[in-house]
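*Asks:*
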Amino acid sequence: MLDLQNSLYKQGEKHLSAFGMMNYLKPLKNDGEHDWLYEVSSLSLQVICQDLDQAYRRFFGKQAKYPKFKSRKRSRPSYPLRSDGIYFLDERVAKIAKLGKVKYKTDFTLPYGRDAKFTNPRITYANGKWMLSFGMECENQVPQLKDESMGIDLGVKEQAVAAFGDEQLVFHNINKSKRVRELTCKLKHTQRSLARKYQASKKTNGKFVKSNNYVREQDKLRRIYQKIANIRNNYIHQTTHQLVSMLPYRVVMEDLNVRGMMKNRHLAKAISQQNFYEFNRQMHYKCEWNGIEFIKADRFYPSSKTCSCCGSIKTDLKLKDRVYKCSNCGNEIDRDFNAALNLSRYVA
Numbered sequence: 000m001l002d003l004q005n006s007l008y009k010q011g012e013k014h015l016s017a018f019g020m021m022n023y024l025k026p027l028k029n030d031g032e033h034d035w036l037y038e039v040s041s042l043s044l045q046v047i048c049q050d051l052d053q054a055y056r057r058f059f060g061k062q063a064k065y066p067k068f069k070s071r072k073r074s075r076p077s078y079p080l081r082s083d084g085i086y087f088l089d090e091r092v093a094k095i096a097k098l099g100k101v102k103y104k105t106d107f108t109l110p111y112g113r114d115a116k117f118t119n120p121r122i123t124y125a126n127g128k129w130m131l132s133f134g135m136e137c138e139n140q141v142p143q144l145k146d147e148s149m150g151i152d153l154g155v156k157e158q159a160v161a162a163f164g165d166e167q168l169v170f171h172n173i174n175k176s177k178r179v180r181e182l183t184c185k186l187k188h189t190q191r192s193l194a195r196k197y198q199a200s201k202k203t204n205g206k207f208v209k210s211n212n213y214v215r216e217q218d219k220l221r222r223i224y225q226k227i228a229n230i231r232n233n234y235i236h237q238t239t240h241q242l243v244s245m246l247p248y249r250v251v252m253e254d255l256n257v258r259g260m261m262k263n264r265h266l267a268k269a270i271s272q273q274n275f276y277e278f279n280r281q282m283h284y285k286c287e288w289n290g291i292e293f294i295k296a297d298r299f300y301p302s303s304k305t306c307s308c309c310g311s312i313k314t315d316l317k318l319k320d321r322v323y324k325c326s327n328c329g330n331e332i333d334r335d336f337n338a339a340l341n342l343s344r345y346v347a
């Protein structure tokens, strides 16, 4: 369809809408050259036409770049379904258009029968697993917020330290957990094994050719990367959900200069593993869902150097100082909790 749209544009003909592309499919199936289109659900083909139409609309609205062809090497195998092309029979079996009955596994409680309505269902393949994703409408009840502000200080030693009133909440760095350390060690061994197979292939043939052993080791490496990424993403979701569930009337976080922080070669790797951007993104949209005000403090606001007790600023505070000691009032407090308290009291 993208090739057809490009051809029409070169010939100076009118651009096809989503329905125009769908109507073009009917004679295409019966021309004798495209019999394989019958192997795919007609509902999926219709949704793909709608996706391409939306991509063009976004391009014309200057919201995205011009639609391009998917890469056979890099793109993830996936295909869409129409909302009425899927429903669940019971807690183990789903009915999917063209595929029939398919066993599934989930931790969620899903509605059964044809009456349930889903939005944008898609089937995706990643690292040996087929995943079905969709949206479901539910009633969003606005909660009663508490009259307390929350300040969150992100870091490397701990994932996040939050101050909710005078209460301190510490969320440890998941990268220091036993499971992630084991996977990281396994990752290093697999990378070395893959490098040896690369060198062996190059010596034998003069040029690199992927052997079956190399492909197997590469798949193993992908699975390890996926496991580590899933653990980190799941932990961030759990942390942000717990913070938002405390229902403060506002949340204040720092506007971190991550690019500048990454220039420190001693901390660059640890900082990149913390996913600060993803943490901020999740806090932002979850606060919007619950009607909580989300504020980003000014990048140059000295939250760590300011005393949360008397307000004096300690200009000689170093990164290695984990306990804040105020020379003016004698206050001694954990450095990260001190920063979180200052953020919770931030005034723009």
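For the sequence shown, position 219 matches number 218 in numbering that gives the first Met the number 0, and the numbering has no gaps at all.
Quick reminder that beta carbons are idealized off the backbone N, C-alpha and C, glycines included.
Treat the numbers as computed from the prediction; the structure is a model and nothing was measured.
1. Does the stretch 241 to 254 come into contact with the stretch 140 to 159, if we say contact requires no fewer than three beta-carbon pairs (one atom in each stretch) closer than 8 Å?
2. Report the option in 158, 37, 165 and 288 whose CA atom is closest to the CA atom of residue 275.
3. Can you give me the Cβ contacts of residue 362 inside the same chain, cut-off strictly under 6 Å, excluding the 5 residues immediately before and after it?
4. Per DSSP, residue 77 is paired with what?
5. Closer than 7 Å by C-beta to residue 129: which residues in its own chain qualify, once you throw out the five before and the five after it? Chain order, please.
6. Should the stretch 311 to 319 be regarded as contacting the stretch 284 to 292, the criterion being three or more beta carbon pairs within less than 8 Å?
7. Which value, in whole angstroms, describes the spacing of the CA atoms of residue 133 and residue 272?
8. Taking all protein chains shown into account, decide if residue 279 is buried (16 or more other Cβ within 10 angstroms of its Cβ) or exposed.
9. If you compare alpha carbons, which of 103, 62, 217 and 113 is closest to residue 84?
10. Under a three-way DSSP split, which group does residue 171 fall into?
11. Sorted by chain position, which residues of the same chain lie with C-beta nearer than 8 Å to residue 208's C-beta, five sequence neighbours on each side aside?
12. Could you give the DSSP three-state label for residue 148: helix, strand or coil?
13. Looking only at its chain, what residues have a beta carbon closer than 7 Å to the beta carbon of residue 281, apart from the 5 residues adjacent to it on each side?
14. Going by DSSP, name the residue or residues bridged to residue 99.
15. Cα-Cα, which of 18, 325 and 296 is closest to residue 347?
16. Give the DSSP-derived three-state secondary structure of residue 249 in the structure shown.
17. Using C-beta distances below 6 Å, list every residue in its chain close to residue 323, excluding the 5 sequence neighbours before and after it, in chain order.
*Replies:* So, from the data block:
1. yes
2. The shortest Cα separation from residue 275 among 158, 37, 165 and 288 belongs to 158.
3. Limits of the chain in this structure are 0 at one end and 347 at the other, which puts residue 362 out of reach.
4. 123
5. 122
6. no
7. 29 Å
8. buried
9. 113
10. Reduced to three states, the DSSP call for residue 171 is strand.
11. 200
12. strand
13. 235, 236 and 239
14. According to DSSP, residue 99 bridges with 95.
15. 296
16. strand
17. 332, 334 and 337
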